[in-house]
Amino acid sequence: MSKFVMADGRAFPSHTGNTKKMDKYLKICNTFEIPEGSSKVFKINDTEIVVIHTKGNFYALDNRCSHQEGPLGLGRILDRSIICPWHGARFELQSGRLLEGPNCKNLKNYIVQINQDETGCPALFLGV
4 MSKFVMADGR AFPSHTGNTK KMDKYLKICN TFEIPEGSSK VFKINDTEIV
54 VIHTKGNFYA LDNRCSHQEG PLGLGRILDR SIICPWHGAR FELQSGRLLE
104 GPNCKNLKNY IVQINQDETG CPALFLGV
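First residue of the sequence shown? That's 4 in our numbering, and the numbers climb one at a time after it.
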């Protein structure tokens with residue numbers, strides 16, 4: 004059975020049919036490629052996106068901090084937030100909202116879905 008989660012933690016409408024019919028969703032990796040408590044950066048259409056796996060959920064945000072473009076993929080995951088390694092700005096994973104730090108803007112977040120890929124393995128699909 005498929006599990007659908009939006010980047011902000013809300014349930015995503017169920018998808019019926021195979022993954023090839025998921026318009027505007029791109030398979031980025033299998034779920035096992037991002038272990039619990041870690042992150043991985045993907046470049047999609049010239050945009051770096053960090054996908055974070057924490058507390059059983061996957062979240063996707065712009066990889067570059069809105070302060071001075073620090074690489075959030077190298078940041079520390081704390082509860083349901085990520086901390087920029089350069090100047091300590093902290094962003095909420097569900098929304099990309101700035102929680103604390105220097106003069107920053109909120110980050111863009113992306114929809115993440117978990118569904119079976121063409122081999123039947125659980126995979127992450129990113130709304131693009």
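Every residue, glycine too, gets a C-beta built ideally from N, C-alpha and C.
Helix, strand or coil at E121 according to DSSP, with G and I counted as helix: Indexing the sequence shown from 1 puts residue 121 at position 118. Coil, per DSSP.
query: How is the beta strand (DSSP E) around I31 delimited, first residue to last?
result: Taking the sequence shown and counting its residues from 1, the one referred to as residue 31 is at position 28. Here the beta strand (DSSP E) through I31 covers 28–33.
field: Simplified DSSP assignment, three categories, for G59
entry: Taking the sequence shown and counting its residues from 1, the one referred to as residue 59 is at position 56. Coil at G59, not helix or strand.
Residue span of the beta strand (DSSP E) that contains E39, given as start and end: The sequence position of residue 39 within the sequence shown is 36, counting from 1. Neither: E39 is in no beta strand (DSSP E) and is coded neither H nor E.
- prompt: According to the Cβ coordinates, are I52 and I80 closer than 8 angstroms?
  reply: Against the sequence shown, residue 52 aligns to sequence position 49. Against the sequence shown, residue 80 aligns to sequence position 77. Result no, Cβ atoms of I52 and I80 do not sit closer than 8 angstroms.
query: For G76, which of helix, strand or coil comes out of DSSP?
result: For this step, residue 76 is matched to residue 73 along the sequence shown. Reduced to three states, the DSSP call for G76 is helix.
field: Inter-residue Cα distance where the pair is Q97 and E72
entry: Here residue 97 corresponds to residue number 94 of the sequence shown, with the count starting at 1. Here residue 72 corresponds to residue number 69 of the sequence shown, with the count starting at 1. Computed Cα separation, rounded: 20 angstroms.
message: Using 8 angstroms for Cβ pairs, my map puts N112 next to G91. What's the rounded Cβ distance?
response: Reading the sequence shown from its first residue, position 109 is the one you call residue 112. Reading the sequence shown from its first residue, position 88 is the one you call residue 91. Going by Cβ atoms, the distance from N112 to G91 rounds to 20 angstroms, so no, they are not a contact pair.
task: To the nearest angstrom, report how far apart K23 and N109 are at their CA atoms.
output: Along the sequence shown, one-based indexing puts residue 23 at 20. Along the sequence shown, one-based indexing puts residue 109 at 106. Any reading at K23 is ruled out, since the residue's pLDDT is 40, under 50, leaving its predicted position unreliable.
task: Would you mind reading off the limits of the beta strand (DSSP E) that contains L101?
output: Position 98 of the sequence shown, counting from 1, holds the residue named residue 101. Note, L101: beta strand (DSSP E), 101–103.
field: Closest by C-alpha distance to G76, when choosing among S41, P125, S69
entry: Residue mapping note: residue 76 aligns to position 73 of the sequence shown, counting from 1. G76 has its Cα closest to that of S41, out of S41, P125, S69.
message: Going by beta-carbon coordinates alone, are K46 and R83 separated by less than 8 angstroms?
response: Counting from one through the sequence shown, the residue named residue 46 turns up at place 43. Counting from one through the sequence shown, the residue named residue 83 turns up at place 80. In this structure, R83 does not lie closer than 8 angstroms to K46 by Cβ.
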